[in-house]
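Visitor: Sharing a structure, written as structure tokens. Questions coming.
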Amino acid sequence: MAAETSVKQAESGQRTAIYVYGIAPADVVTTDQAQGVGEPPARVEVIAHDDVAALVSEIPVDRGLGTPADFSAHARLLDATAAAMPVLPLRFGAVLADRQAVTDELLAPNHDEFAQALRLLEGREEYIVKGRYEESAILRELLNENADAERLRQAIAGAPEDATRNERIQLGEILTRAISAKREQDTASLVEALRPLELDTALREATHERDAVYVAYLVDTDKRDAFQQAVDDWAEQQRGRIDLNVLGPVAAYDFVAGRGPEG
Amino acid sequence: MTVQSAGGGLDRPNASSLADVIDTILDKGLVIDAYVRVSLVGIELLTIDARVVIASVDTYLRFAEAVNRLDLTEGQQHGLPDLLDDINEGGAKSRTAGALEAAGEKLTGLLSGGESENGRDRDRERAERDRRR
């Protein structure tokens with residue numbers, strides 16, 4: 175990540191750099207409503223080169239990035255752009271020295287790769303299906319299926335917390351492991367349910383201990399209704415057990431990772 | 657159930673919580689280091705990058721306590737085995753759904769971040785992730 179290659183600027187206050195949000199087709203335009211990172215929100219500019227363009231803001235280098243407002247600004251700008259045209263979202267925190275560097279080092283050398291990726295995103299949008307286990311429901315399910323867990327439950331029931339610390343830890347560990355196994359099963363079930371739609375699919379790591387499913391889909395616009403229906407049907411099967419949300423459309427964050435940092 | 661199907665369906669953007677946004681923009685998307693090296697500017701990031709779930713003793717104890725609470729609130733009228741059978745037979749149409757929802761944590765607690773139990777979990781998960789580096 176850019177922050178780790180810390181290039182310290184000698185003087186503070188006047189120095190600025192160019193924050194890059196993402197890459198879009200060269201005919202992208204920004205409106206006055208577009209607000210960038212920073213406080214007050216930076217103006218969003220377009221730097222175009224041949225067929226591709228970078229969405230950028232000039233920001234002071236002496237101010238850190240990463241307030242909730244910064245995160246929202248990055249996400250909102252890219253999601254709004256994605257609603258109108260293909261866009262390659264950059265991970266939060268990409269900063270280059272100046273406008274010239276955006277053209278010379280980012281856009282020009284990678285032009286064809288970016289242009290091709292943008293073409294592949296044409297007419298498709300990302301949705302994220304996120305489900306979380308209802309705590310009581312999943313705990314009951316696990317206790318019912320796991321004799322060790324049920325035995326430990328009985329051991330701690332009504333007993334003082336301090337006296338049953340070991341049993342509690344053991345019980346929690348069993349449940350945590352069992353939820354991981356459930357997560358795998360339920361993710362497989364969701365993926366299977368949507369398989370007939372033949373959508374590009376990206377599994378996400380769980381970010382919460384009760385995450386049940388966390389899957390990103392790249393949905394062709396003409397399959398949107400079928401996608402919605404399939405997700406609704408699966409959610410209905412899981413009612414009372416998994417609380418399901420569909421987020422999106424968002425910029426295609428999960429489908430642009432063409433290269434690792436070492437590439 | 658909060659699937660956005662009742663109204664405009666997927667045509668209407670479904671607002672992401674800050675937690676969802678962070679999951680996405682700190683962990684996904686093109687990494688600029690892969691494309692540019694010379695002119696990278698390191699700007700201090702105020703927040704640490706994306707989280708993963710790390711099982712900890714605290715997590716275990718919280719689950720155990722949740723199990724304990726489960727019994728206290730609902731184990732009085734029925735024996736637990738009866739309840740469990742109900743859940744299993746009921747499947748998707750669990751009769752206890754209302755009560756379970758009321759007992760469950762609310763996802764909206766994540767929106768404000770920091771002060772909810774979930775917010776603290778996240779901070780700790782971040783910290784643990786850092787320590788592993």
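Going line by line, the protein sequences match chains A and B.
Add 174 to a position in the first sequence, counting from 1, and you land on the number used in our numbering.
Add 656 to a position in the second sequence, counting from 1, and you land on the number used in our numbering.
C-beta atoms are modelled at their ideal positions from N, C-alpha and C, and glycine is treated no differently.
If contact means a Cβ-Cβ distance below 8 Å, which residues of the region 293-309 of chain A contact chain B?
Guide: Within the region 293-309 of chain A, the residues whose Cβ lies closer than 8 Å to some Cβ of chain B are 301, 302, 304, 306, 308 and 309, listed in chain order.
Visitor: What distance in whole Å lies between the Cβ atoms of residue 681 of chain B and residue 248 of chain A, which are believed to be in contact at a cut-off of 8 Å?
Guide: The pair is a contact, with the Cβ atoms about 5 Å apart (cut-off 8 Å).
Visitor: Can you tell me whether residue 699 of chain B is helix, strand or coil according to DSSP?
Guide: Note: residue 699 of chain B maps to coil in three-state DSSP.
Visitor: Counting only the same chain and skipping the five closest in sequence on each side, list residues whose C-beta sits under 6 Å from that of residue 418 of chain A.
Guide: Hits under 6 Å: 305 and 409.
Visitor: Answer yes or no: do residue 722 of chain B and residue 316 of chain A have a C-beta to C-beta separation smaller than 8 Å?
Guide: Contact: no.
Visitor: Closer than 8 Å by C-beta to residue 760 of chain B: which residues in its own chain qualify, once you throw out the five before and the five after it? Chain order, please.
Guide: Caution applies to residue 760 of chain B, whose pLDDT of 29 falls short of 50 and renders its modelled position unreliable; the value that the coordinates give is listed next. Once the five neighbours on either side are set aside, residue 760 of chain B has no close Cβ partner at all.
Visitor: State the Cα-Cα distance for the pair residue 190 of chain A and residue 230 of chain A, rounded to the nearest angstrom.
Guide: Residue 190 of chain A and residue 230 of chain A: Cα-Cα distance of roughly 12 Å.
Visitor: Let me know if residue 370 of chain A comes out buried or exposed under the rule of 16 or more other beta-carbons within 10 Å of its beta-carbon.
Guide: Residue 370 of chain A comes out exposed.
Visitor: Given a threshold of 16 other Cβ atoms within 10 Å of its Cβ, counted over all protein chains shown, does residue 212 of chain A qualify as buried or as exposed?
Guide: So residue 212 of chain A counts as buried.
Visitor: Please list, in chain order, the chain B residues whose beta carbon lies closer than 8 Å to that of residue 246 of chain A.
Guide: Those within 8 Å of residue 246 of chain A in chain B are 674 and 677.
Visitor: Determine the chain B residues that contact residue 273 of chain A at a beta-carbon separation under 8 Å, and present them in chain order.
Guide: Chain B residues near residue 273 of chain A: none, gap ~10 Å exceeds 8 Å.
Visitor: Beta-carbon separation of residue 263 of chain A and residue 426 of chain A under 8 Å?
Guide: Against a cut-off of 8 Å, the Cβ pair of residue 426 of chain A and residue 263 of chain A comes out as a contact.
Visitor: Which value, in whole angstroms, describes the spacing of the CA atoms of residue 196 of chain A and residue 261 of chain A?
Guide: Looking at the two C-alpha atoms, the distance is approximately 7 Å.
Visitor: Checking the sheet assignment: what are the DSSP bridge partners for residue 231 of chain A?
Guide: Answer by DSSP bridge pairing, in chain order: A:193.
Visitor: Between which two residues does the beta strand (DSSP E) holding residue 422 of chain A run?
Guide: Note, residue 422 of chain A: beta strand (DSSP E), 416-424.
Visitor: Apart from the five residues just before and just after residue 282 of chain A, which ones in its own chain have a Cβ nearer than 7 Å to its Cβ?
Guide: Contacts found: 223.
Visitor: Rounded to the nearest angstrom, what separates residue 117 of chain A and residue 290 of chain A at their Cα positions?
Guide: Since the first residue shown for chain A is 175 and the last is 437, residue 117 of chain A is missing from the structure and cannot be characterised.
Visitor: Residue 199 of chain A bridges to which residues according to DSSP?
Guide: DSSP output for residue 199 of chain A lists A:226 as bridge partner(s).
Visitor: In chain order, what residues of the same chain have a beta carbon less than 8 Å from the beta carbon of residue 318 of chain A, not counting five sequence neighbours either side?
Guide: Cβ within range, chain order: 324.
Visitor: Cβ of residue 414 of chain A within 8 Å of Cβ of residue 308 of chain A?
Guide: In this structure, residue 308 of chain A lies closer than 8 Å to residue 414 of chain A by Cβ.
Visitor: So within the region 238-288 of chain A, which uninterrupted alpha helix (DSSP H) runs reach at least 4 residues, ignoring any that extend past its ends?
Guide: Counting whole runs of 4 or more residues, the region 238-288 of chain A contains the alpha helix (DSSP H) stretches 242-258.
Visitor: Taking C-beta pairs closer than 8 Å, name the residues in chain C that residue 265 of chain A reaches, listed in chain order.
Guide: Included in the structure are the protein chains A and B, with no chain C among them.
Visitor: Thinking C-beta only, is residue 238 of chain A closer than 8 Å to residue 701 of chain B?
Guide: Cβ atoms of residue 701 of chain B and residue 238 of chain A: closer than 8 Å.
Visitor: Report back the beta-carbon spacing between residue 424 of chain A and residue 256 of chain A to the nearest angstrom; my notes put them in contact at under 8 Å.
Guide: Confirmed, Cβ separation roughly 7 Å.
Visitor: Count the other CB atoms within 10 Å of the CB of residue 284 of chain A; is the residue buried (16 or more) or exposed (fewer)?
Guide: Flag for residue 284 of chain A reads buried.
Visitor: Can you check which of these residues, A:394, A:395, A:360 and A:367, is closest to residue 384 of chain A by C-alpha distance?
Guide: Residue A:360 is the option with its Cα nearest to residue 384 of chain A.
Visitor: At a cut of 8 Å, does the region 370-379 of chain A reach the region 390-402 of chain A through at least three beta carbon pairs?
Guide: Touching, yes, given that three or more Cβ pairs across the two stretches are closer than 8 Å.
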